[in-house]
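For what it's worth, this note's numbering labels the leading residue of the sequence shown as 601, then goes sequentially.
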Amino acid sequence: MSASSELVGSLRARLADVAPERRIVACSGGLDSSVLMATLAWLHAEDGLTAPRALHVNHGLHQKAATWAEVTVKHCLDRGVSCRVVEVAVVRSDAGLEADARHARYGAFADVLDEDDVLLLAHHRDDQTETVLLRLLRGSGPAGLAGMPVRRRLGRGWLLRPLLDFDRSRLEQVACELGVLASEDPSNADLRQDRNFLRHEILPRLASRWPGYRQTLSRAAELCHEQEVALAELLGPAPELLPVAALECSPELAAARLRHWLAAAGVVMPARRRLLEILAQSHAREDAAVRIDLGDVSVRRFAAALHIVDENRPEPPQDSVIWQPPENLLLPHGRLAAGAVSDSGLRQNEGGYEIRFRQGGERLRPAGRSARRSLKDLLQAASVPPWERDRLPLLYVGSELVAIADLYVAEGWQSGPDEAGWRLAWRPA
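Below is the structure:
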């Protein structure tokens, strides 16, 4: 069997559960992704299916980036594949250029995918080998050493790597058989990049001593993956908030529970020292303001539980907003809704309500209570985390505070029996 026929057969099996119209190839223009694009186009033509789609991300990091994008689009069109080009801005950080470009690229992937779209990436066995070795050198645990998963969620769709069982040399054979044209990024020869150094300087020496090292490392990655799957099953569903009490166990089990919780929330796994810092601070004194920054998110402690907070979440509007229920009020940082009730709601007001946000000094007497209390005391009593308190919508009629989100209604403003009222519901974005 020719290499191209073998690859077509493998793709057909891998994609059996993916609707043809949902298949999108991430095409960089390099040999690997060009082979995947060409082979998938052949498969679709052979099976009488509509041609697949392709996606090219232009990072703008090279003076020829725009030209590469044009060439990639042409090569796709030559195979009957339409190719969309998405331009991204790579934000530089201490993680390094390769990691920053990957972050921008995957962000673009997630934005583009519709519900149940499947993005096909051309990572192969050699890429998996490099990934496992790099993570080993960086001190990763079993989760990192499991390598790149074959399939995972990405945005509203899925990411699929159907070539992980194929060596790069096999893909080169397919390229020759199909006459695949590809562009070569000169940065792939830059030995200052760790992956390139490993690829060009180290792996050839490994191959001379252990010719089957790719298969061996792939098998090791699969075993690590099996261990991670088994551990996740034993730990059970991850809670939205992680009780501090769940970390009062052996250090090994506490670390496993913490990693499981962070992974379930989609947080990029931090370095071990940061994990140990979270575990240590989770048991700090009760009045300590615990916060550990992890890039775009932070881990904070409140009410004997750990919370994950998005540090890039939208802010409330600066100016007040007039709201006329029952229309939903869409704010940058959440949604305020109202449903009609005939008792124990917020009394309806013909002129609607003015929505403001905490400025300081606000007081309210909750319905059925005997005294006015400060907004600070009321939010503490309602167990609202400190970082959410300034974000809650406050409902005013004139200068009077009549409700605090869906937590409190002021005395005199609650609807009585058979009186039209609103049941409020506040949902943060």
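Glycine residues also receive a C-beta, built at the ideal position from the N, C-alpha and C atoms.
Kindly give me the distance between the Cβ atoms of V941 and L929, rounded to whole angstroms, as I take these residues to be in contact under 8 Å. Not really, about 18 Å apart at Cβ, beyond 8 Å.
Could you tell me the alpha carbon to alpha carbon distance between F766 and V625, rounded to whole angstroms? 17 Å
Considering only residues of the segment 837-919, which uninterrupted alpha helix (DSSP H) runs meet the minimum length of 4 residues and lie entirely inside it, listed in chain order? Fully enclosed alpha helix (DSSP H) runs of 4 or longer: 851-864 and 872-881.
Out of K664, E840, V997 and D727, which one is the CA nearest neighbour of S787? K664
Please state whether the Cβ-Cβ distance between R859 and A743 is less than 8 Å. yes
Residue(s) in a DSSP beta bridge with Y813: Paired residue(s): none; Y813 is not in a bridge.
Could you check the C-alpha separation between L697 and L994 for me, to the nearest Å? 44 Å
Between the Cα of G951 and the Cα atoms of Y996, P916 and L992, which residue gives the shortest distance? Y996
If I measure Cβ to Cβ from D943 and keep anything under 8 Å in the same chain, skipping five residues before and after, which residues do I get? S1015, G1016, P1017, D1018, E1019 and G1021
According to DSSP, which residues form a beta bridge with I1004? L994 and Y1008
Cβ-based burial, N912 [other Cβ within 10 Å; buried from 16]: exposed
May I have the straight-line CA-CA distance separating G609 from H825, to the nearest angstrom? 25 Å
Three-state secondary structure (DSSP) of G757: strand
Looking at C-alpha atoms only, which residue of V844, A807, A863 and L823 is the closest neighbour of A832? Checking every option, the nearest Cα to that of A832 belongs to A863.
Between A904 and the rest of its own chain, which residues show a CB-CB distance below 6 Å, the 5 nearest in sequence each way excluded? V844
Since L929 sits in a beta bridge, which residues does DSSP pair it with? L936
For H800, report the span of its beta strand (DSSP E) as first-last. Taken as a continuous stretch (DSSP letters only), H800 belongs to no beta strand (DSSP E), as it is neither H nor E.
Indicate whether the contact test is met: 3 or more Cβ pairs, each with one atom in the segment 742-761 and one in the segment 644-660, closer than 8 Å. no
I'd like the list of long-range same chain contacts for A790, defined as Cβ closer than 8 Å, with 5 residues on each side in sequence excluded. According to the sequence displayed, residue 790 carries Asp and not Ala. If we look at D790 and ignore the five residues flanking it on each side, its Cβ neighbours are N796.
For Q728, does the count of other Cβ atoms within 10 angstroms reach 16, so buried, or fall short, so exposed? buried
Contact check, W861 vs A838, beta carbons under 8 Å: yes
Span of the beta strand (DSSP E) holding R684? S682 to E687
Would you tell me roughly how many angstroms separate the C-alpha atoms of E646 and A616, rounded to the nearest one? The alpha-carbon atoms of E646 and A616 are separated by roughly 15 Å.
Output the distance between the C-alpha atoms of I1004 and L992, rounded to the nearest integer angstrom. C-alpha of I1004 to C-alpha of L992: approximately 7 Å in a straight line.
Proximal residues to I908 (C-beta, below 7 Å), its chain only, five neighbours per side dropped: A865, V867, V897 and V899
Mind checking who E954 pairs with in its DSSP beta bridge? I922 and Y996
Evaluate the contact criterion for the segment 734-741 versus the segment 675-695: three or more CB pairs, one atom per stretch, below 8 Å. Contact between the segment 734-741 and the segment 675-695 is absent, because fewer than three Cβ pairs lie under 8 Å.
Just curious, the beta strand (DSSP E) that A654 is in, first and last residue? R653 to N658
Residue(s) in a DSSP beta bridge with P1028: G934
Beta-carbon within less than 6 Å of A775's beta-carbon, same chain only, minus the 5 sequence neighbours each way: which residues are those? L631 and V635
Alpha carbon to alpha carbon, how far is P762 from E606? Take the alpha-carbon of P762 and the one of E606: they are about 13 Å apart.
Can you list, in chain order, the residues of its chain with a C-beta nearer than 6 Å to that of L778? Leave out the 5 residues immediately preceding and following it. Same-chain partners within the cutoff: S604 and A638.
When the distance is taken between beta carbons, is C627 closer than 8 Å to H656? yes
If you follow the alpha helix (DSSP H) that R735 is in, where does it begin and where does it stop? According to the DSSP assignment, R735 belongs to the alpha helix (DSSP H) that extends over R725 to L737.
Looking at C-beta atoms only, is the number of pairs between the segment 667-682 and the segment 706-724 that lie closer than 8 Å three or more? no
Residue from D794, Q881, A1029 and R973 whose Cα sits closest to the Cα of R738: D794
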